[in-house]
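Residue numbers (the working numbering): 12 to 77. Where is the CB? At the ideal position from N, CA and C, for every residue including glycine. These numbers were taken from a predicted model, which means no experiment stands behind them.
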């Protein structure tokens, strides 16, 4: 069971990604179409997952130096 929990934390669902950023699902799909999201993993059932490490690297890449 601990392995399942660890694996669950390693990936974000689209809803979790949107919640963390405070955006709508439609915004995620707009960004994805424009190739402005981190890479996604498409599961056999069609659901998408984002590696947390890819999300964090993507977010760090958006930082601007003030």
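Look at residue 24 here: in three-state DSSP terms it is strand.
The alpha-carbon of residue 38 is positioned some 17 Å away from that of residue 58.
The Cβ-Cβ distance between residue 43 and residue 52 does not fall below 8 Å. Per the coordinates, the alpha-carbon of residue 46 lies some 12 Å from the alpha-carbon of residue 69.
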